[in-house]
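Asks: Read top to bottom, the protein sequences are chains A and B. Note that my numbering gives residue 165 to position 165 of the first sequence, counting from 1, and the numbers run on in steps of one. Note that my numbering gives residue 2 to position 2 of the second sequence, counting from 1, and the numbers run on in steps of one. The C-beta atom is built at its ideal place from N, Cα and C for all residues, glycine as well.
There are 2 protein chains.
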Amino acid sequence: MTISPANLNSALISPINKGLGPFDRDLTAAEIAALGWNLLREDLVLPAAVLYRDKLLSNQHWMRRFLDAYNVRFAPHGKTSMSPQLFQLQLDGGAWGITLATAHQVLAAYEHGVRRILMANQLVGRPNMAVLSRLLRDLQFEFYCLVDSAEIANHLGAFFSAENQQLNVLIELGVPNGRTGIRNDDQLADVLAALDRQPSLRLCGVEVYEGVLDNEPAIRQFLQHAVAVTRRLLSENRFAQKPILTGAGSAWFDIVAEEFTASFADPPRPATNSANSANSANSAASAVNIVLRPGCYLTHDAGNYQRAHERMCRSNPIARSLQPGLETALHLWAYVQSIPEPTRAIIGLGRRDAAFDSGLPVPALHFRPGSAHPGASAPQPAPTHWEVTKLMDQHAYLTIDPADDLHIGDMLAFDICHPCLTFDKWRTIPILDAEYSVIDIAQTFF
Amino acid sequence: MTISPANLNSALISPINKGLGPFDRDLTAAEIAALGWNLLREDLVLPAAVLYRDKLLSNQHWMRRFLDAYNVRFAPHGKTSMSPQLFQLQLDGGAWGITLATAHQVLAAYEHGVRRILMANQLVGRPNMAVLSRLLRDLQFEFYCLVDSAEIANHLGAFFSAENQQLNVLIELGVPNGRTGIRNDDQLADVLAALDRQPSLRLCGVEVYEGVLDNEPAIRQFLQHAVAVTRRLLSENRFAQKPILTGAGSAWFDIVAEEFTASFADPPRPATNSANSANSANSAASAVNIVLRPGCYLTHDAGNYQRAHERMCRSNPIARSLQPGLETALHLWAYVQSIPEPTRAIIGLGRRDAAFDSGLPVPALHFRPGSAHPGASAPQPAPTHWEVTKLMDQHAYLTIDPADDLHIGDMLAFDICHPCLTFDKWRTIPILDAEYSVIDIAQTFF
Numbered sequence: 001m002t003i004s005p006a007n008l009n010s011a012l013i014s015p016i017n018k019g020l021g022p023f024d025r026d027l028t029a030a031e032i033a034a035l036g037w038n039l040l041r042e043d044l045v046l047p048a049a050v051l052y053r054d055k056l057l058s059n060q061h062w063m064r065r066f067l068d069a070y071n072v073r074f075a076p077h078g079k080t081s082m083s084p085q086l087f088q089l090q091l092d093g094g095a096w097g098i099t100l101a102t103a104h105q106v107l108a109a110y111e112h113g114v115r116r117i118l119m120a121n122q123l124v125g126r127p128n129m130a131v132l133s134r135l136l137r138d139l140q141f142e143f144y145c146l147v148d149s150a151e152i153a154n155h156l157g158a159f160f161s162a163e164n165q166q167l168n169v170l171i172e173l174g175v176p177n178g179r180t181g182i183r184n185d186d187q188l189a190d191v192l193a194a195l196d197r198q199p200s201l202r203l204c205g206v207e208v209y210e211g212v213l214d215n216e217p218a219i220r221q222f223l224q225h226a227v228a229v230t231r232r233l234l235s236e237n238r239f240a241q242k243p244i245l246t247g248a249g250s251a252w253f254d255i256v257a258e259e260f261t262a263s264f265a266d267p268p269r270p271a272t273n274s275a276n277s278a279n280s281a282n283s284a285a286s287a288v289n290i291v292l293r294p295g296c297y298l299t300h301d302a303g304n305y306q307r308a309h310e311r312m313c314r315s316n317p318i319a320r321s322l323q324p325g326l327e328t329a330l331h332l333w334a335y336v337q338s339i340p341e342p343t344r345a346i347i348g349l350g351r352r353d354a355a356f357d358s359g360l361p362v363p364a365l366h367f368r369p370g371s372a373h374p375g376a377s378a379p380q381p382a383p384t385h386w387e388v389t390k391l392m393d394q395h396a397y398l399t400i401d402p403a404d405d406l407h408i409g410d411m412l413a414f415d416i417c418h419p420c421l422t423f424d425k426w427r428t429i430p431i432l433d434a435e436y437s438v439i440d441i442a443q444t445f446f
Numbered sequence: 001m002t003i004s005p006a007n008l009n010s011a012l013i014s015p016i017n018k019g020l021g022p023f024d025r026d027l028t029a030a031e032i033a034a035l036g037w038n039l040l041r042e043d044l045v046l047p048a049a050v051l052y053r054d055k056l057l058s059n060q061h062w063m064r065r066f067l068d069a070y071n072v073r074f075a076p077h078g079k080t081s082m083s084p085q086l087f088q089l090q091l092d093g094g095a096w097g098i099t100l101a102t103a104h105q106v107l108a109a110y111e112h113g114v115r116r117i118l119m120a121n122q123l124v125g126r127p128n129m130a131v132l133s134r135l136l137r138d139l140q141f142e143f144y145c146l147v148d149s150a151e152i153a154n155h156l157g158a159f160f161s162a163e164n165q166q167l168n169v170l171i172e173l174g175v176p177n178g179r180t181g182i183r184n185d186d187q188l189a190d191v192l193a194a195l196d197r198q199p200s201l202r203l204c205g206v207e208v209y210e211g212v213l214d215n216e217p218a219i220r221q222f223l224q225h226a227v228a229v230t231r232r233l234l235s236e237n238r239f240a241q242k243p244i245l246t247g248a249g250s251a252w253f254d255i256v257a258e259e260f261t262a263s264f265a266d267p268p269r270p271a272t273n274s275a276n277s278a279n280s281a282n283s284a285a286s287a288v289n290i291v292l293r294p295g296c297y298l299t300h301d302a303g304n305y306q307r308a309h310e311r312m313c314r315s316n317p318i319a320r321s322l323q324p325g326l327e328t329a330l331h332l333w334a335y336v337q338s339i340p341e342p343t344r345a346i347i348g349l350g351r352r353d354a355a356f357d358s359g360l361p362v363p364a365l366h367f368r369p370g371s372a373h374p375g376a377s378a379p380q381p382a383p384t385h386w387e388v389t390k391l392m393d394q395h396a397y398l399t400i401d402p403a404d405d406l407h408i409g410d411m412l413a414f415d416i417c418h419p420c421l422t423f424d425k426w427r428t429i430p431i432l433d434a435e436y437s438v439i440d441i442a443q444t445f446f
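1) In whole angstroms, what is the alpha-carbon distance linking A/A103 and B/V336?
2) Starting from the Cα of B/I431, find the closest Cα among B/A75, B/S14 and B/A33 and give me that residue.
3) Taking Cβ positions, are B/D353 and B/P22 nearer each other than 8 Å?
4) Below 8 Å between beta carbons: does that hold for B/S437 and B/N38?
5) Buried or exposed: B/R293, going by 16 or more other Cβ atoms within 10 Å of its Cβ?
6) With a cut-off of 8 Å, does the C-beta of B/Y335 fall near any C-beta of chain A?
7) Please report the distance separating the alpha-carbon of A/E163 from that of B/D43.
8) Give the residues of chain A in contact with B/H395, contact being defined as C-beta atoms less than 9 Å apart.
9) Is the Cβ-Cβ distance between B/A150 and B/V191 less than 8 Å?
10) For A/A11 and A/I429, I'd like the C-alpha separation in whole angstroms.
11) Ignore the nearest five residues each way along the sequence and tell me which others in A/I219's own chain have a CB closer than 6 Å to its CB.
12) Answer with buried or exposed for B/A378, where buried requires no fewer than 16 other C-beta atoms within 10 angstroms of its C-beta.
13) For A/L86, I'd like the list of residues in its chain whose CB is within less than 7 Å of its CB, leaving aside the five on either flank, ordered along the chain.
14) Compare the C-alpha of A/Y259 against each of A/H331, A/T246, A/L330 and A/D433 and name the closest.
15) Can you pull the chain A residues whose beta carbon is under 7 Å from the beta carbon of B/P363, in chain order?
16) Is it buried or exposed, A/K55, if we count other Cβ atoms within 10 angstroms and call 16 or more buried?
17) Do you know offhand how far B/H112's Cα is from B/E142's?
18) Between B/D138 and chain A, is there a C-beta pair that is closer than 8 Å?
19) Any beta carbon from chain B within less than 8 Å of A/G409's own beta carbon?
20) Measuring straight from C-alpha to C-alpha, what distance separates A/Q60 and A/P324?
21) For B/P243 and B/N237, I'd like the C-alpha separation in whole angstroms.
22) May I ask you to verify whether the segment 132-141 of chain B touches the segment 155-169 of chain B, counting CB pairs closer than 8 Å and requiring at least 3?
23) Is there at least one Cβ from chain A nearer than 8 Å to B/D404's Cβ?
24) Evaluate the contact criterion for the segment 113-120 of chain B versus the segment 154-161 of chain B: three or more CB pairs, one atom per stretch, below 8 Å.
25) Just the chain E side, please: which residues come within less than 7 Å of A/D190 by C-beta, in chain order?
26) Starting from A/G247 and walking both ways along the beta strand (DSSP E), at which residues does that stretch end?
27) With a threshold of 8 Å between beta-carbons, can B/E341 be considered close to chain A, or not?
28) Does chain B have any CB closer than 8 Å to the CB of A/C313?
29) May I have the straight-line CA-CA distance separating A/A228 from A/R314, to the nearest angstrom?
30) Can you tell me which of B/H385, B/H309 and B/P84 puts its alpha carbon nearest to the alpha carbon of B/F66?
31) Rounded to the nearest angstrom, what separates A/V338 and B/V72 at their Cα positions?
32) Under 8 Å between beta-carbons, which chain B residues line up against A/M392? List them in chain order, please.
33) For chain B, check one thing: does any of its Cβ atoms lie closer than 8 Å to the Cβ of A/R25?
34) CB-CB under 8 Å to B/V106, same chain, minus the five flanking residues each way: which ones, in chain order?
35) May I ask you to list the residues that DSSP assigns as paired with A/C296?
36) How many whole angstroms separate the CB atoms of B/C145 and B/V175, which I take to be in contact at a CB cut-off of 8 Å?
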C-alpha cells in the first residue's frame with residue numbers, strides 16, 4: 001500500500017520543516033523515505049509529529065466496517081488533517097468524497113486530485129465564490145455547499161448566474177443558540193422562496209452538524225427534525241436530484257447513523273470484515289443518500305474522541321462488535337530538556353506543537369536513546385502518574401516522581417486531545433512503520 | 001523601504017495558501033505584490049491575516065527609541081512570527097541578533113540569512129545538536145544557547161568536542177516552581193564544575209526569562225539575583241568573553257531594562273527620535289552586554305501585551321515619553337457568514353485562524369464591500385458591544401444588537417490577543433499599505 005497519491009509524488013519538500021531529519025536540498029516524500037530514517041535511532045529533529053501507518057489503516061478498516069453495516073456514504077472531514085495523502089487514503093478506502101470547511105480548503109484538496117467535495121459551510125464573499133467558480137469549470141468536479149438564509153442564497157444566485165454556472169446547495173438546519181443553520185419554519189420558508197428565485201442554485205439535500213449539541217436526547221431530536229424536513233421537501237419535490245441527507249462530526253456519528261438509517265434505509269447489517277465492500281451507495285430502496293462526515297477517527301485521540309468512542313462502544317452494537325477499536329495513530333515525540341526540580345521535568349514541546357483546547361498532551365511512551373539502557377530496544381509505556389500540567393509556547397511541564405528513572409535527553413511520546421489543532425501545527429509529518437522507520441511524509445496544507 | 005531580504009526575493013509562493021488572492025502558478029512575493037490586490041476591493045480570499053506596514057514601522061521605531069534610551073542590545077524573539085522578512089526588518093533597524101527557541105527555528109532563520117542567534121533554550125538531543133554543528137561550520141555564524149544542568153553540559157560537551165567545535169553557552173537561572181533554569185547554588189556549582197570539564201563549551205553569559213513570574217516585586221528580585229550571579233561569575237573570571245546578560249519577554253522588558261542597566265550601565269538617557277542611533281553596543285564602561293528579547297511588540301496585540309504596555313506607560317518614564325505608543329499591526333479579516341438569530345452573527349474565522357489562549361479575537365473594524373453603502377470608502381470602527389463569545393475550529397460567534405446594520409458578506413477585522421499563536425496559523429501574510437493595498441507577502445516557517 002502506498003499512501004501518497006500520484007499528484008503528490010513529484011511535490012518537493014524543503015529541509016526547512018519542523019520534525020524531519022537532516023537533508024540538504026528539496027526532496028520528494030519518496031526520496032525522503034529512502035533516506036532510511038528511524039525515530040528510535042534519533043534520526044528526527046524533535047519535537048516531531050508522527051503518524052503510525054498500521055494504526056491509520058486499522059482505524060480506516062474499523063470505520064469502513066461501521067459504515068458498511070449501516071450502508072451509508074462517507075465524506076470524512078478533511079479540515080482535521082488537510083493532508084492530501086490522508087484524503088487519498090480515505091478515498092482509496094471507499095469514501096464517497098471529502099468534506100471541507102472553507103474555499104481555501106476546497107482549493108487545496110482539488111489541486112491534489114479530490115473531485116467530490118462537500119463544503120459543510122456557507123460560501124460567502126466574492127473572492128471565495130470566485131475560487132469555486134474557477135474549479136467548477138472542471139465538469140468532473142462535484143461540489144456542494146450550504147445555505148441557511150435568503151440573503152446568502154441571493155448572493156450565491158447572483159454570482160453564479162452571472163457566471164452562467166450552477167451551484168449545488170444543501171439546506172443547513174441549526175438549533176437555537178447554536179452555530180449556523182435555519183432555526184425555524186419562517187426562515188426555512190424564506191430560504192425556499194429565495195431558492196425558487198435563483199435558478200443557478202440546485203437544492204440537493206439537507207445538512208446538520210449535531211456537534212453543536214452536547215447530549216444524546218437533544219441530538220436525536222435534532223436529527224429527527226432533519227429527517228422530517230427532508231421528508232417534507234421530498235414530498236414537495238423540492239430537490240433537483242435524489243437528495244443528500246448529511247450529518248455527523250467525530251463524536252456522535254453512531255447516533256446519526258442510527259437515526260438517519262432508521263428513517264430512510266434498511267436496518268443495519270452485522271459488521272463484516274470484508275475489505276471489498278463498496279461504500280458507494282445506499283439501498284436502492286432509500287429515498288435519500290445518507291452521508292456521514294467524521295474526520296478525527298483516522299488518527300483518533302486521547303481526549304473527547306476517546307470518550308466518545310467509549311460511549312459508542314457501550315451503546316452501539318455495531319461499534320461494540322468491531323475489534324480492535326479505534327486507536328491513537330498520531331504521536332508527538334519530544335526530548336526531556338530539563339529536570340530542575342525533583343518532581344518537575346520540562347519537555348521540549350509546547351503550544352506551537354500540540355493542541356491544548358480539549359486537554360493537554362498525555363504521556364504515552366518513554367524511550368532512552370542509545371544501547372546502554374536495558375529497555376532501549378523498544379519504547380516503554382509512560383508511568384500513569386506522569387502528567388502534563390502546563391503548556392507554554394515551546395515547553396511542557398511534566399509532573400514526575402523523584403524516584404522515576406527519567407533523564408535529560410530521554411524521548412517521550414505524547415497522545416494528543418484534539419487532532420485538528422495538532423495537525424495544523426505541522427507541515428510535514430513522518431509516517432512510520434511498526435519499527436518506527438519513516439516510510440512516507442504526510443504534507444499538510446493549512 | 002523594502003521588507004523582503006535579498007534571499008527571500010527568489011522564493012516562490014504557491015497559490016495553495018490561505019488568505020491570498022487568486023493566481024495560477026507559483027510567484028515571488030514581488031510578483032504577487034505587482035498583482036495590485038486591495039483588501040477592500042475584495043481581492044483576498046477570507047479569512048486572511050494581514051500586517052499593516054506603517055504600524056510595523058511605528059512599533060519598530062518605538063522600540064528602537066526605548067532601547068537606545070537604555071543603551072542596551074536587542075535580540076527580538078523570532079518565535080513569535082517565524083517570518084524572515086520580519087527578522088530582516090528588525091535587523092535592518094539595528095537589532096543585534098534574533099532570539100529563537102528550537103533547533104528547527106534556528107535552521108529556518110539561518111537559511112534566510114540570520115547570522116547571530118541567541119537560542120533562549122536548551123539544545124537537547126543528538127539530531128538537534130547536529131543541526132547546530134552543521135551551521136557552526138560557517139564561521140560567520142554566532143550562536144548562543146542555554147545550560148541549566150550538569151547533565152546537559154555533559155551531553156553538549158561530549159557532542160561538540162567529538163565534532164571538534166566550540167559552543168557558546170549562557171547559564172540559565174530559574175525560579176522555584178518555574179520552567180527551566182538553575183534553582184539554587186548547589187545546582188549552579190554543579191553546572192560550573194561540568195563546564196570546567198568541558199573545554200568545548202564557552203561560558204558567555206547569564207540568561208533569565210522573567211515571564212514565568214507574574215508580579216513586579218518578584219521579577220525585580222529575580223533580576224537582581226541574575227545581576228548578583230553575573231557579578232560573582234565575573235569576579236571569578238568564569239566568562240570566556242565580555243559576558244551577555246539577557247532577559248525580557250514582551251510583557252516586562254521595561255523592568256528588565258531598568259534593573260539590568262541600574263546595575264551595569266549608564267543611567268538611561270532621554271528618548272530621542274534619531275533614526276540613526278546604533279543599537280549595537282553598551283557603554284564601554286559596562287562590564288556586560290545587556291540583551292533584551294521582546295518579540296511581540298512588533299505586531300502588538302489587544303490582550304496581555306496591550307495591558308502590559310499600559311502598565312509600562314504608567315510606570316516607566318521612557319515608555320511614557322514615546323508617542324505614539326505601540327499599536328496593533330496584525331488583523332484577521334473575515335466575512336459575516338450567517339445571522340441566524342437577531343443577537344448572533346456567525347463569522348468565518350476560527351481556531352484554525354486565530355489565537356484563543358489569551359482571549360478571543362476582538363472586533364476592530366467593519367466594512368461593507370461595494371459602493372452602495374455610505375461608509376464603503378473606509379472601514380469603520382466596530383461598535384464596542386460586538387463581542388466574540390466562542391471560537392470553534394472555523395467559526396466565531398459574535399454577539400450583536402438586533403438593530404445593528406450588519407449583513408452577510410460584510411467584512412470584519414479582528415484584533416488578536418496573542419500574536420505568536422496567530423502567526424503560526426498562517427504561512428503567507430499580506431503586508432498592506434495605508435490604503436489596504438498588498439505591497440508584500442510575509443512568509444512564515446513554523
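Replies: The relevant details are as follows:
1) Along the first sequence, one-based indexing puts residue 103 of chain A at 103. Along the second sequence, one-based indexing puts residue 336 of chain B at 336. Cα to Cα, the separation comes out at about 15 Å.
2) Counting from 1 along the second sequence, the entry for residue 431 of chain B is found at position 431. Answer by Cα proximity: B/A33.
3) Residue mapping note: residue 353 of chain B aligns to position 353 of the second sequence, counting from 1. Residue mapping note: residue 22 of chain B aligns to position 22 of the second sequence, counting from 1. Going by C-beta atoms, B/D353 is not nearer than 8 Å to B/P22.
4) Residue numbering aside, residue 437 of chain B sits at position 437 when the second sequence is read from its first letter. Residue numbering aside, residue 38 of chain B sits at position 38 when the second sequence is read from its first letter. Against a cut-off of 8 Å, the Cβ pair of B/N38 and B/S437 comes out as a contact.
5) Position 293 of the second sequence, counting from 1, holds the residue named residue 293 of chain B. Per the 10 Å Cβ criterion, buried.
6) To locate residue 335 of chain B, count along the second sequence from 1; it is residue 335. Judged by the 8 Å Cβ criterion, B/Y335 is in contact with chain A.
7) Residue numbering aside, residue 163 of chain A sits at position 163 when the first sequence is read from its first letter. Residue numbering aside, residue 43 of chain B sits at position 43 when the second sequence is read from its first letter. The straight-line gap from Cα to Cα measures roughly 18 Å.
8) For the purposes of this step, residue 395 of chain B is taken as residue 395 along the second sequence, with counting starting at 1. Near B/H395 (Cβ distances below 9 Å), the residues of chain A are A101, N121, R179 and T180.
9) In the second sequence, counting from the first residue as 1, residue 150 of chain B sits at position 150. In the second sequence, counting from the first residue as 1, residue 191 of chain B sits at position 191. Contact flag set, yes.
10) Your numbering for residue 11 of chain A matches position 11 in the first sequence. Your numbering for residue 429 of chain A matches position 429 in the first sequence. Rounded to whole angstroms, A/A11 to A/I429 spans 15 Å at the Cα level.
11) Along the first sequence, read from residue 1 onward, the residue named residue 219 of chain A stands at position 219. E210, L213, W252 and I255, listed in sequence order.
12) For the purposes of this step, residue 378 of chain B is taken as the residue at position 378 of the second sequence. It counts as exposed.
13) Looking up residue 86 of chain A in the first sequence gives position 86. Excluding positions up to five away in sequence, the list reads L298 and A442.
14) Counting from 1 along the first sequence, the entry for residue 259 of chain A is found at position 259. With the sequence shown as reference, residue 259 of chain A is identified as Glu, and Tyr is not the correct amino acid for it. Closest by alpha carbon: A/T246.
15) For this step, residue 363 of chain B is matched to residue 363 along the second sequence. Here the premise fails: no neighbours, minimum Cβ distance about 17 Å.
16) In the first sequence, the residue the question calls residue 55 of chain A occupies position 55. Per the 10 Å Cβ criterion, buried.
17) Start at 1 with the first residue of the second sequence, and residue 112 of chain B comes out as number 112. Start at 1 with the first residue of the second sequence, and residue 142 of chain B comes out as number 142. Whole-angstrom Cα-Cα distance: 15 Å.
18) In the second sequence, counting from the first residue as 1, residue 138 of chain B sits at position 138. So, not an interface residue.
19) As a first step, residue 409 of chain A must be located in the first sequence, where it is residue number 409. It does: the Cβ of A/G409 has a partner Cβ on chain B nearer than 8 Å.
20) Position 60 of the first sequence holds residue 60 of chain A. Position 324 of the first sequence holds residue 324 of chain A. Whole-angstrom Cα-Cα distance: 12 Å.
21) Counting from 1 along the second sequence, the entry for residue 243 of chain B is found at position 243. Counting from 1 along the second sequence, the entry for residue 237 of chain B is found at position 237. One C-alpha to the other measures close to 10 Å.
22) yes
23) Position 404 of the second sequence, counting from 1, holds the residue named residue 404 of chain B. Not one chain A Cβ lies under 8 Å of B/D404.
24) no
25) Here the protein chains are A and B, and chain E is not one of them.
26) Taking the first sequence and counting its residues from 1, one reaches residue 247 of chain A at position 247. Counting along the chain, the beta strand (DSSP E) containing A/G247 begins and ends at I244 to G247.
27) The residue labelled residue 341 of chain B in the question sits at position 341 within the second sequence. For B/E341, the answer is yes, since a Cβ of chain A falls inside 8 Å of its Cβ.
28) The residue labelled residue 313 of chain A in the question sits at position 313 within the first sequence. False, the Cβ-Cβ gap to chain B never drops below 8 Å.
29) The count along the first sequence starts at 1 and reaches residue 228 of chain A at position 228. The count along the first sequence starts at 1 and reaches residue 314 of chain A at position 314. Straight-line Cα distance between these residues: approximately 28 Å.
30) Here residue 66 of chain B refers to the residue found at position 66 of the second sequence. B/F66 has its Cα closest to that of B/H309, out of B/H385, B/H309 and B/P84.
31) Mapped onto the first sequence, residue 338 of chain A falls at position 338. Mapped onto the second sequence, residue 72 of chain B falls at position 72. Reading off the sequence, residue 338 of chain A comes out as Ser, not Val. Going from the Cα of A/S338 to the Cα of B/V72 covers about 29 Å.
32) Residue 392 of chain A sits at position 392 when you count from the first residue of the first sequence. What A/M392 touches in chain B: R179.
33) The residue given as residue 25 of chain A occupies position 25 in the first sequence. No, A/R25 lies away from the interface with chain B (no Cβ there is under 8 Å from its Cβ).
34) Here residue 106 of chain B refers to the residue found at position 106 when the second sequence is read from its first residue. Within the same chain, B/V106 has close Cβ partners L100, I117, M119, V131, L132, L135 and F143.
35) Within the first sequence, residue 296 of chain A is the residue found at index 296, counting from 1. DSSP output for A/C296 lists no bridge partner at all.
36) Taking the first residue of the second sequence as 1, we reach residue 145 of chain B at position 145. Taking the first residue of the second sequence as 1, we reach residue 175 of chain B at position 175. With 8 Å as the limit, B/C145 and B/V175 do not qualify as a contact, their Cβ atoms being about 20 Å apart.
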